[in-house]
Amino acid sequence: MNNKLLNFKYALVNVFYFMLGCGALGYANNFLKFHGYPSSLIGIVLSLISVLALVGQTFMAPVIDRSTKINEKKFILITLLIGMISYLVMLMMHGENWFLLLICVVGFSFTSMGLPFLNSLAFAYEQEGGRINYGVSRGIGSAAYAVAGPVIGMMMTAAGGGDEKITEVLPVFLLITGALTMATVFWMKDPKKVVKEDEKTKSISYPAFFRKYHQITLVLAALVLIYFCHMLVNTYMINVLENIGGNTADQGNAIFIQAMCELPPMFLFALILKKVDVDKLMAFGALAYIVKHALLCFAPNMAVFYIAMVLQMFSYAVIMPASVYFADKHVEAEDRNKGQIAMTAASTVGSLLANLVGGFLLDFTSVSAVLTFGFIATVIGAVLMVIGIRNLSKKA
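Oh and the sequence shown: position 297 is 302 in the numbering used here, straight run, nothing missing.
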């Protein structure tokens, strides 16, 4: 197996997938907001997106684990195709209507549905003898995510308007990046997988999975709370920025800063893992989130907000890749996809709660109150993370 070519292809998939993700997940609120929908309804729609993505991931993980016909690559391609069809419909629709909301739910949810299987794909290749530098590839993905924000901003300027032009520009951006993602995923080799006959019937259920790996449940609960505030800020960033005098252009800058700050730790993650145990990195990232979210909660202006974005380097950029390796460390190979889905489910549930709670709170209270609520959740989550990691260390 040519590892250099394999890593190049995998990194290229990350480039286009995370550009696509920036548009679909980072600007979904903007798209709906400037279509005229209220924050409470947007919150419900974004929550439905998270629920549908989680249900699809949860259902497909055991199917892919035990199937010799369906693999991670094929499932990712199917989800991207459904997303592309949805974006084509979005491009042709204008104004407020319920069908547009339905299309958004389908398109955005299927875009994110395949992401945890991209993580699993890296470990599938490693089982064949390949060597994927996940941190570098994920870091390149973050760089692409950083570039996507300003690109969307330039497309809006080229369209000759202000923030409201996101309704015209976003579907075009999603179609272009979606097509490129599909092409690069298709270019990847199919992972080889041999499933023994007895393993087809022995694939454990999710309740059995959590009984088997009960020691990681506290860590998962911690991730839910931490990601709650993380997604609260990311999803409703335009609302947060408008509260301190910012706009969509500032949102593009903020996305660029935080994504670029993810690069050093992600590029060096393989080396960091040789020096520091992944469990300790999880705890470190959780504690760093307290500092980041404290700054966001009390940011009086754009300067402080940008400083908080820089702290992405020690929070998300550490805890995100660490959670992938954490699952690989504490979950056996035959449960690989369930382990990755468990990590993704934590972020999805956190996102779901952020979308739903944040949308309603923004309609009835201030942005500052919403951020304070999220900060409290972060502190509780970080405490639970430290306790969970200590418990794992005692059992090791």
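Ideal Cβ positions, reconstructed from N, Cα and C, are used throughout, including at glycine.
- In the DSSP assignment, Met287 falls within the unbroken alpha helix (DSSP H) covering 283-302.
- For Gly140, the uninterrupted alpha helix (DSSP H) segment begins and ends at 139-163.
- Cα atoms of Phe215 and Ser328: separation of roughly 16 Å, rounded to the nearest angstrom.
- Apart from sequence neighbours up to five positions away, no residue of its chain approaches Ile381 with a beta-carbon distance below 8 Å.
- In the DSSP assignment, Asn124 falls within the unbroken alpha helix (DSSP H) covering 120-132.
- Boundaries of the alpha helix (DSSP H) around Met314: 307-315.
- By the beta-carbon neighbour count (other beta carbons within 10 angstroms, threshold 16), Gln62 is buried.
- Between Phe23 and Ser147, the beta carbon gap of about 7 Å places them in contact (Cβ cut-off 8 Å).
- Counting the other Cβ atoms within 10 Å of the Cβ of Met159 gives fewer than 16, which makes it exposed.
- Taking C-beta separations shorter than 6 Å and ignoring five residues to either side along the sequence, the partners of Ser356 in its chain run Ser55, Met236, following chain order.
- Annotation: the continuous alpha helix (DSSP H) that includes Gln263 extends over 253-266.
- Counting along the chain, no alpha helix (DSSP H) covers Cys27, and no H or E run does either.
- For Pro326, the uninterrupted alpha helix (DSSP H) segment begins and ends at 321-335.
- In this structure, the beta-carbon distance from Thr116 to Ala29 falls below 8 Å.
- Residue burial annotation: His40 is buried, with at least 16 other C-beta atoms found within 10 angstroms of its C-beta.
- In the structure shown, the three-state DSSP call for Phe64 is helix.
- For the pair Ile47 and Leu57, the Cα-to-Cα distance works out to about 15 Å.
- Annotation for Ser44: Gly364, Leu367, Asp368 place their beta carbon closer than 6 Å to its own, counting only its chain and skipping 5 residues before and after.
- Pairing Val110 with Leu59 gives a Cβ-Cβ distance that is not under 8 Å.
- Proximity to Leu286 across Asn124, Met318, Met314 peaks at Met318, based on C-alpha coordinates.
- Apart from sequence neighbours up to five positions away, the residues of its chain that approach Tyr330 with a beta-carbon distance below 6 Å are Val283, ordered along the chain.
- Here the alpha carbons of Asn258 and Gly154 stand approximately 7 Å from one another.
- About 30 Å separates the beta carbon of Asn34 from that of Tyr211, a gap too long to meet the 8 Å contact definition.
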